[in-house]
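J.: Here it is: the structure, laid out below.
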Ligand SMILES: Nc1ncnc2c1ncn2[C@@H]1O[C@H](COP(=O)(O)OP(=O)(O)OP(=O)(O)O)[C@@H](O)[C@H]1O
Ligand SMILES: [Mg+2]
Ligand SMILES: [Zn+2]
């Protein structure tokens with residue numbers, strides 16, 4: 067099977083957008099009330115819906131089938147179909163990463179002068195807008211200051227801090243957020259159900275977690291998994307772990323627990339058992355450091371629920387981490403992390419790869 071999930075499952079209505087609630091609400095209200103701004107700025111991390119929502123807004127504004135007080139595009143009329151196929155003459159999409167100069171903006175300004183040809187609005191989506199050169203940005207600013215009627219600009223960027231403030235202040239700005247694990251996981255679940263592919267829920271959580279808030283990244287990873295699975299295969303945690311080169315969460319947690327209880331002998335034995343099973347000690351130490359860091363964060367954070375790191379982790383993982391956090395003092399975790407980092411360095415050159423890790427564990431447990 068071969069298909070590009072993130073294109074196939076790009077939302078065609080505002081209703082299908084995951085998260086970004088206040089953005090969807092504000093925009094759909096504006097559309098239904100006919101009160102759209104002439105310039106928007108969508109900022110936020112990659113793969114969170116900026117281009118998708120920009121196109122939806124364009125579609126809704128120029129839709130011929132939409133009733134005036136509704137907000138969703140009909141996806142049936144000629145305008146909607148042309149936008150989907152990327153051939154609408156009243157929607158201009160510019161990638162500022164490759165068209166960043168003054169000439170391109172001059173050309174853009176020429177195009178701005180013309181009224182929309184077939185539709186109500188002429189819409190410009192400028193992606194990666196932080197990449198515009200200074201001259202180009204200033205030229206664009208002039209246009210934003212005196213926008214022709216029936217023109218809507220939608221600027222998108224992953225790096226708003228690189229944009230000139232005068233442009234930002236001319237636009238209605240929306241900050242897109244990273245999506246949380248359950249949100250991403252749910253969308254992956256819907257996709258697999260429509261594709262009639264079986265899966266373990268935990269496998270999807272793992273994909274979602276590794277995507278760090280980007281739905282596109284999660285969908286791309288799922289694409290990879292699906293394309294190398296055989297027909298009728300079930301998508302399993304082990305497959306994803308292999309693909310990502312990560313070690314099972316329960317292994318790491320058990321390991322940390324042994325260290326916390328100062329069971330040096332058990333921990334070293336367990337380590338060697340794992341290595342015999344094929345686990346890469348370098349990956350293992352990396353995961354250990356990651357989890358200890360999260361435990362440390364839990365310890366120093368009085369209100370972990372509000373911390374973005376924990377809001378993207380599955381509930382039960384946070385619960386296990388909390389239990390482990392009680393076994394250690396802050397100073398102990400810091401010491402353990404430092405020991406592991408120096409072991410990690412030494413492992414790259416060690417003739418017995420796991421030896422520096424074993425020594426670190428033994429030394430820590432002595433205290
Ligand atoms: N909020 C969301 N709800 C549902 N699907 C989403 C969402 N965000 C992203 N996606 C999925 O990811 C794909 C890519 O999203 P999109 O192109 O909108 O990301 P972006 O924010 O523009 O990223 P970039 O900064 O890399 O351009 C979409 O086709 C869709 O399948
Ligand atoms: Mg984009
Ligand atoms: Zn339509």
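Numbering (my numbering), first residue to last: 67 to 433.
Cβ atoms here follow ideal geometry from the backbone N, Cα and C, with glycine treated the same way.
Owing to the predicted nature of the structure, the values given are computational and were not obtained by experimental measurement.
Determine whether the beta carbon atoms of residue 232 and residue 207 lie at a separation below 7 Å.
T.: Yes. Within cutoff.
J.: Measuring alpha carbon to alpha carbon, tell me which residue in 326, 342, 419 is nearest residue 432.
T.: Of the listed residues, the one whose Cα sits closest to residue 432 is 326.
J.: Note down the Cα distance separating residue 411 from residue 346, rounded to an integer number of angstroms.
T.: Distance between the alpha carbons of residue 411 and residue 346 is about 15 Å.
J.: With respect to 6 Å, is the separation between the Cβ of residue 86 and the closest non-hydrogen atom of ligand 1 below this value?
T.: At least one heavy atom of ligand 1 is nearer than 6 Å to the Cβ of residue 86, so yes.
J.: Please state the DSSP three-state secondary structure of residue 68.
T.: Residue confidence is low: residue 68 scores 45 on pLDDT, short of 50, so the model does not pin down where it sits. No coordinate-derived value is stated.
J.: Taking 6 Å as the limit between beta carbons, can you name the residues of its chain near residue 419, skipping five residues before and five after?
T.: 347, 413, listed in sequence order.
J.: Any heavy atom of ligand 2 closer than 6 Å to the beta-carbon of residue 117?
T.: Yes, ligand 2 has a heavy atom inside 6 Å of this Cβ.
J.: Return the Cβ separation of residue 220 and residue 189 in integer angstroms, given the expectation that the two are a contact with Cβ distance under 8 Å.
T.: Yes, residue 220 and residue 189 are in contact; Cβ-Cβ is about 7 Å, under 8 Å.
J.: Decide if residue 271 is buried, meaning its Cβ has at least 16 other Cβ atoms within 10 Å, or exposed.
T.: Buried, since its Cβ has 16 or more Cβ neighbours within 10 Å.
J.: Should residue 217 go down as buried or exposed, given a rule of 16 or more other Cβ atoms within 10 Å for buried?
T.: With 16 or more Cβ atoms within 10 Å of its Cβ, residue 217 is classed as buried.
J.: Do you know how far the Cα of residue 290 is from the Cα of residue 75?
T.: When rounded, the distance between both Cα atoms is 15 Å.
J.: Shorter than 6 Å, the distance from the beta carbon of residue 344 to the closest heavy atom of ligand 3, or not?
T.: Incorrect: residue 344 has no Cβ contact closer than 6 Å to ligand 3.
J.: List the DSSP bridge partners of residue 219.
T.: Residue 219 is bridged to 105, 190.
J.: Can you list, in chain order, the stretches of the beta strand (DSSP E) that have 3 or more residues and sit fully within the region 231 to 305?
T.: Counting whole runs of 3 or more residues, the region 231 to 305 contains the beta strand (DSSP E) stretches 238 to 241.
J.: Is residue 82 helix, strand or coil when you go by DSSP?
T.: DSSP places residue 82 in helix when its eight states are reduced to three.
J.: According to the Cβ coordinates, are residue 198 and residue 166 closer than 7 Å?
T.: Result yes, Cβ atoms of residue 198 and residue 166 sit closer than 7 Å.
J.: Among 255, 262, 196, which residue has its Cα nearest to the Cα of residue 230?
T.: Looking at the Cα atoms, 196 is the closest of the given residues.
J.: Run through the region 324 to 410 for me and flag every whole alpha helix (DSSP H) of 4 or more residues, listed as ranges in chain order.
T.: If we require 4 residues or more, the alpha helix (DSSP H) runs fully inside the region 324 to 410 come out as 330 to 342, 347 to 366, 374 to 377, 381 to 391.
J.: Is residue 113 close to ligand 1? I mean its beta-carbon at under 6 Å from any heavy atom of the ligand.
T.: Yes, the Cβ of residue 113 comes within 6 Å of a heavy atom of ligand 1.
J.: Can you tell me which residues fall inside 7 Å of ligand 3, judged by beta-carbon distance to its nearest heavy atom, and keep chain order?
T.: The filter returns 125, 129, 130, 131, 132, 139, 140, 141, 142, 143, 145, 146, in chain order.
J.: With a threshold of 8 Å, are at least 3 pairs of Cβ atoms found where one atom belongs to the region 134 to 147 and the other to the region 243 to 251?
T.: Counting Cβ pairs under 8 Å, fewer than three are found: no touch.
J.: Output yes or no for whether 7 Å exceeds the beta carbon distance between residue 155 and residue 174.
T.: Their beta carbons are not under 7 Å apart, which means residue 155 does not touch residue 174 by this criterion.
J.: By Cβ distance below 7 Å, which residues in the same chain neighbour residue 116 in space, the five residues on each side in sequence not counted?
T.: These residues qualify, in order along the chain: 108, 110, 222, 242.
J.: Within its chain, find whatever has a CB closer than 8 Å to the CB of residue 329; leave out the 5 residues flanking it on each side and keep chain order.
T.: Closer than 8 Å at Cβ, skipping near neighbours: 431.
J.: Would you report the Cα separation of residue 425 and residue 364, rounded to the nearest angstrom?
T.: Distance between the alpha carbons of residue 425 and residue 364 is about 27 Å.
J.: Report the rounded CA-to-CA distance for residue 451 versus residue 236, giving the unit in angstroms.
T.: Coverage of the chain is limited to positions 67 through 433, which leaves residue 451 absent and any answer about it impossible.
J.: Three-state secondary structure (DSSP) at residue 160?
T.: DSSP places residue 160 in strand when its eight states are reduced to three.
J.: When you compare the CB positions of residue 399 and residue 362, do they come within less than 7 Å of one another, or not?
T.: Yes, Cβ-Cβ distance for residue 399 and residue 362 is below 7 Å.
J.: Shorter than 6 Å, the distance from the beta carbon of residue 77 to the closest heavy atom of ligand 1, or not?
T.: Because some heavy atom of ligand 1 lies under 6 Å away, the Cβ of residue 77 counts as near it: yes.
J.: Return helix, strand or coil for residue 418, following the three-state DSSP convention.
T.: The answer is coil: DSSP assigns residue 418 none of H, G, I, E or B.
J.: What is the DSSP secondary structure of residue 446, counted as helix, strand or coil?
T.: Shown here, the chain extends from 67 to 433; a query on residue 446 therefore has no answer.
J.: Is residue 106 a contact residue of ligand 1, with contact defined as CB to any heavy atom under 6 Å?
T.: For ligand 1, not one heavy atom lies less than 6 Å from the Cβ of residue 106.
J.: By Cβ distance, which residues of its chain are closer than 6 Å to residue 386, with the 5 residues on each side in sequence left out?
T.: Hits under 6 Å: 319.
J.: Between the region 260 to 268 and the region 90 to 100, do three or more beta carbon pairs fall short of 8 Å?
T.: Flag = no, the region 260 to 268 and the region 90 to 100 do not touch.
J.: Please tell me whether residue 224 and residue 112 are closer than 7 Å, where the distance is taken between their beta carbons.
T.: The answer is yes: Cβ separation under 7 Å.
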